[in-house]
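J.:
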Ligand SMILES: Cc1cc2nc3c(=O)[nH]c(=O)nc-3n(C[C@H](O)[C@H](O)[C@H](O)COP(=O)(O)O)c2cc1C
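Numbering (my numbering), first residue to last: 11 to 199.
1. Identify whether residue 135 lies in helix, strand or coil by the three-state DSSP scheme.
2. Can you tell me which of 168, 135, 85 and 164 puts its alpha carbon nearest to the alpha carbon of residue 105?
3. Which residue from 58, 39 and 124 puts its Cα closest to that of residue 159?
4. Which residues in the same chain have their Cβ closer than 6 Å to the Cβ of residue 47, if we skip the five residues on either side of it in sequence?
5. Would DSSP call residue 112 helix, strand or coil?
6. What does residue 89 pair with, by DSSP beta-bridge criteria?
7. Within 10 angstroms of its Cβ, does residue 115 collect 16 or more other Cβ (buried), or is it exposed?
8. Verify the contact flag: residue 141, CB atom, against every heavy atom of ligand 1, threshold strictly below 7 Å.
9. Along the chain, where does the alpha helix (DSSP H) that runs through residue 176 open and close?
10. Which residue from 77, 83, 122 and 144 puts its Cα closest to that of residue 52?
11. Return yes when the Cβ of residue 142 is within less than 8 Å of the Cβ of residue 113, no when it is not.
12. Just to check my reading of the structure: residue 85 and residue 144 have Cβ atoms closer than 8 Å, yes? What is that Cβ distance to the nearest angstrom?
13. Residue 33 and residue 121: beta carbons closer than 8 Å?
14. Who does residue 46 pair with in a DSSP beta bridge?
15. Taking residue 186 as the reference, which of 20, 23, 38 and 25 has the closest Cα?
16. Taking residue 21 as the reference, which of 129, 94 and 66 has the closest Cα?
17. Where does residue 26 land, buried or exposed, given buried means 16+ other C-beta within 10 angstroms?
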């Protein structure tokens, strides 16, 4: 089983990659499960520029075809989102909107972060995953980044210590993800 963790933020100096690495280090280890970080900053997707609705599978651009192939590799996803102005970032919505069938029926765990945990972003993103007929986990870890946690470089100073309170909730949500992903009961794609 392959699970991709998609880093939703793309700005220089972001903490998304640091949190992604912390998540990967704290996920349940299973022999049959492989985790991969997919960084949207590497995909370099322009603002959505396909003429046809993605459900038609008629992609005109190489960047869309490459993004589609990358996402098709996985059986389930972790959407990692910061909260920007009470929502999730445009970079993540843009990347999601490029595709359609690639997402259908796939299990997804939403992990949010922000100065108040990013619950608003998480709730909005859940609506989107439901519209795409994905299977979101009931639990969505929300990581609070307190002001005293960040160093001068903007990164979290001691992430293992700072996020210790979230280790269990992350693990439990990930167990839900793995259970849904290995379930025989599938949503009709
Ligand atoms: C444009 C912008 C808007 C933000 N709005 C919120 C917000 O509404 N709620 C919140 O909890 N944090 C907010 N923050 C703080 C971010 O969640 C925090 O800086 C986080 O580290 C951003 O993720 P990133 O570093 O991966 O870009 C905002 C940050 C930015 C850059």
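Note that CB positions come from ideal geometry on N, CA and C, so glycine has one too.
Given the structure is predicted, the values throughout are model-derived calculations rather than measurements.
T.: Well, looking at it:
1. helix
2. 135
3. 124
4. 15 and 30
5. coil
6. 16 and 120
7. exposed
8. no
9. No alpha helix (DSSP H) contains residue 176, which DSSP labels as neither H nor E.
10. 77
11. yes
12. About 12 Å; that fails the 8 Å criterion.
13. yes
14. 14
15. 38
16. 94
17. buried
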